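Working notes for the structure below.
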Amino acid sequence: MLDFVNVEDDLAEEERMIRDTAREFVDERVKPDIGEHFENGTFPTDLITEMGDLGFYAPNLEGYGSPNVSETAYGLLMQELEAGDSGLRSMASVQGALVMYPIHAYGSDEQKEEWLPAMGRGEAIGCFGLTEPEHGSNPSAMETYAEADGDGYVLNGAKTWITNSPISDVAIVWARDRSSEDDPVRGFLVETDRDGVSTNKITEKLSLRASITGEIGLNDVHVPEENVLPGVSGMKGPLSCLTQARYGIAWGAVGAARDCFEEARQYAQDRDQFGGPIGRFQLQQRKLAEMGTQITLAQLLAHRLAELKERGEMRPQHVSMAKRNNVRTARDQSRIAREMLGGNGITTDYSPMRHMANLETVYTYEGTHDIHTLVLGEAFTGLKAYQ
Ligand code: FAD
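At position 221 of the sequence shown the residue is numbered 221 (full-length UniProt numbering), and the sequence of numbers has no breaks.
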């Protein structure tokens, strides 16, 4: 397995154990039929509670059944899951970083008790509703709103591209609170069986097919006051969740890229043309040399990010650089790996084209590549290009 500069030699025992558990899970439970799920546009839902049993949802949180593992351990988990499929890592990212994290950070004691243990076990599923049909890269322009009504709020609006919404028990819906001054964005826990909630599935995807994506329609949905996340107000709420999820993506992309590299390396040794393995040709070696180097650089950036996060020094701009770079690397290198597999490379019998298609989503969600470019532009110049 590619780890060319032996970064993983320095792992602590717990980190090594989590990496190995996730790697074994992916090898045994995911890889055998993930290609079929991708073709059929289904998520292996039987794995949801199994992933919970293995502690794959937000193990970096403290309390409520979460063991508070190191940020490196959490990153390695994302890396191994995405070596299986970006859909699998998306499941863990949404559940852990986008739903459990905000409940843990901003929720009331009752909300934490009600949702965190059940979500950690995968017995309850959550989704994160920020993006709207007309507002993606600029979520602060959201139109979904809440109005005070007796003992709670009434929500109206529409969210789209929401991972897991059709199978979720609860959605964190980010909406403008029209009953407060300046309409601050607030987080509402909306159980999906409430009157007025619809969660249609989006079926036409050519990317992230082994992941369920849907809409959230909110038509006069009443939620009680106790369903509001009390601890946060304003765009800091959703943006802080995105920082957590993007951290996992920066790591996950390394896993997807590594899996492509390993498939291409193996194929180069096995496939004979002109009387011997194609891996003896310099053109193929050049591709592997570049792929191995770029993945190693991405891996190093992910490990450094973990150190900064562990020390409480990680800034959103650091995460932007790592998400932007590592996903671009994975996207570029998956294509080279696909190329090395010739005609076989376009099938689901091999992973690179599936990863390549998935990475189009990963390149776009959680802040597009362009938007992270602008974040870095601002970090380096002090001048904002996206207002
Ligand atoms: P747009 O914002 O319309 O962007 C279109 C293009 O314009 C992009 O190339 C973009 O980079 C570019 N652009 C936009 N603004 C600028 C600018 N200022 N300067 C230069 N270029 C710019 N969202 C959720 O809330 N929850 C989820 O669980 C979730 N899951 C997803 C799952 C999938 C499979 C997908 C595809 C998306 C998901 N998303 C989710 C939504 C995702 O975060 C958005 O698609 C993303 O933020 C981009 O928004 P958009 O699609 O509206 O594109």
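Quick reminder that beta carbons are idealized off the backbone N, C-alpha and C, glycines included. On a predicted model such as this, the values are computed, not experimentally measured, just so you know.
Notebook entry, point to check: Alpha carbon to alpha carbon, what distance is there between Leu-383 and Asp-193?
Noted result: Residue numbering aside, residue 193 sits at position 193 when the sequence shown is read from its first letter. Residue numbering aside, residue 383 sits at position 383 when the sequence shown is read from its first letter. Taking the straight line from one Cα to the other gives about 45 Å.
Next item on the list: Quick one: grab the DSSP three-state call for Val-26.
Entry: Walking along the sequence shown from the start, residue 26 turns up at place 26. Reduced to three states, the DSSP call for Val-26 is helix.
Item checked: Distance, Pro-352 Cα to Glu-290 Cα -> As a first step, residue 290 must be located in the sequence shown, where it is residue number 290. As a first step, residue 352 must be located in the sequence shown, where it is residue number 352. Rounded to the nearest angstrom, the two C-alpha atoms are 16 Å apart.
Margin query: If I measure Cβ to Cβ from Glu-62 and keep anything under 6 Å in the same chain, skipping five residues before and after, which residues do I get?
Written below: Numbered from 1 along the sequence shown, position 62 holds the residue referred to as residue 62. Setting aside the 5 residues that flank it on each side, Glu-62 is surrounded in the same chain by Asn-68, each with a C-beta closer than 6 Å to its C-beta; the list follows chain order.
Notebook entry, point to check: Hey, Ala-58 and Met-17 are a contact pair by Cβ (cut 8 Å); roughly how many whole angstroms apart?
Noted result: Along the sequence shown, one-based indexing puts residue 58 at 58. Along the sequence shown, one-based indexing puts residue 17 at 17. Ala-58 to Met-17, Cβ: 18 Å. No contact.
Note to self: Spatial neighbours of Phe-274 within its chain, please: C-beta separation below 7 Å, excluding the five flanking residues on both sides.
What the structure shows: Position 274 of the sequence shown holds residue 274. Cβ within range, chain order: n/a, list empty.
Check: Can we count Asp-169 as close to ligand 1, meaning its CB is less than 7 Å from some heavy atom?
Finding: Walking along the sequence shown from the start, residue 169 turns up at place 169. Checking every heavy atom of ligand 1 against the Cβ of Asp-169, none is found closer than 7 Å.
Notebook entry, point to check: So the alpha helix (DSSP H) Glu-339 belongs to, where does it begin and stop?
Noted result: Position 339 of the sequence shown holds residue 339. From DSSP, the alpha helix (DSSP H) with Glu-339 extends over 316-340.
Margin query: By the three-class DSSP mapping on this structure, what secondary structure does Tyr-101 have?
Written below: On the sequence shown, position 101 is the one that residue 101 refers to. Tyr-101: helix per DSSP, three-state reduction.
Checklist line | Thr-373 versus Val-7: straight-line alpha-carbon distance, rounded | finding: Taking the sequence shown and counting its residues from 1, the one referred to as residue 373 is at position 373. Taking the sequence shown and counting its residues from 1, the one referred to as residue 7 is at position 7. About 27 Å.
Next item on the list: Express the C-alpha separation of Ala-264 and Ser-198 in angstroms, rounding to a whole number.
Entry: Residue 198 sits at position 198 when you count from the first residue of the sequence shown. Residue 264 sits at position 264 when you count from the first residue of the sequence shown. Between Ser-198 and Ala-264, the C-alpha separation is close to 43 Å.
Margin query: If you measure between the beta carbons of Ala-210 and Ile-34, is that distance less than 8 Å?
Written below: For the purposes of this step, residue 210 is taken as residue 210 along the sequence shown, with counting starting at 1. For the purposes of this step, residue 34 is taken as residue 34 along the sequence shown, with counting starting at 1. In this structure, Ile-34 lies closer than 8 Å to Ala-210 by Cβ.
Next item on the list: May I ask which residues mark the beginning and end of the alpha helix (DSSP H) holding Thr-348?
Entry: What you label residue 348 is simply residue 348 of the sequence shown in a count that begins at 1. Where Thr-348 is concerned, there is no enclosing alpha helix (DSSP H), given that its DSSP letter is neither H nor E.
Check: To the nearest angstrom, how far is it from the Cα of Thr-163 to the Cα of Arg-280?
Finding: For this step, residue 163 is matched to residue 163 along the sequence shown. For this step, residue 280 is matched to residue 280 along the sequence shown. Whole-angstrom Cα-Cα distance: 43 Å.
Check: Helix, strand or coil: which one does DSSP assign to Thr-42?
Finding: On the sequence shown, position 42 is the one that residue 42 refers to. Coil.
Note to self: Quick check on Phe-4: buried or exposed, where buried means 16 or more other Cβ atoms within 10 Å of its Cβ?
What the structure shows: Start at 1 with the first residue of the sequence shown, and residue 4 comes out as number 4. Its Cβ having fewer than 16 others within 10 Å, Phe-4 is exposed.
Item checked: Length of the line joining the Cα atoms of Gln-244 and Ala-97 -> As a first step, residue 244 is located in the sequence shown; it is residue number 244 there, counting from the start. As a first step, residue 97 is located in the sequence shown; it is residue number 97 there, counting from the start. Each residue's alpha carbon lies about 6 Å from the other.
Checklist line | Closer than 5 Å: residues whose CB approaches a heavy atom of ligand 1 | finding: Phe-128, Leu-130, Thr-131, Gly-136, Ser-137, Trp-161, Ile-162, Thr-163, Leu-208, Thr-213, Thr-361, Tyr-365, Thr-368, Asp-370 and Tyr-386
Note to self: Could you pull the DSSP bridge partners for Asn-156 from this structure?
What the structure shows: Against the sequence shown, residue 156 aligns to sequence position 156. DSSP, once it has assigned bridges, lists Tyr-145 as partnering Asn-156.
Margin query: Please report the distance separating the alpha-carbon of Ala-302 from that of Glu-13.
Written below: The count along the sequence shown starts at 1 and reaches residue 302 at position 302. The count along the sequence shown starts at 1 and reaches residue 13 at position 13. Take the alpha-carbon of Ala-302 and the one of Glu-13: they are about 19 Å apart.
Notebook entry, point to check: When burial is assigned at 16 or more other CB atoms within 10 Å of the CB, is Tyr-247 buried or exposed?
Noted result: If you number the sequence shown from 1, residue 247 lands on position 247. Burial call: buried.
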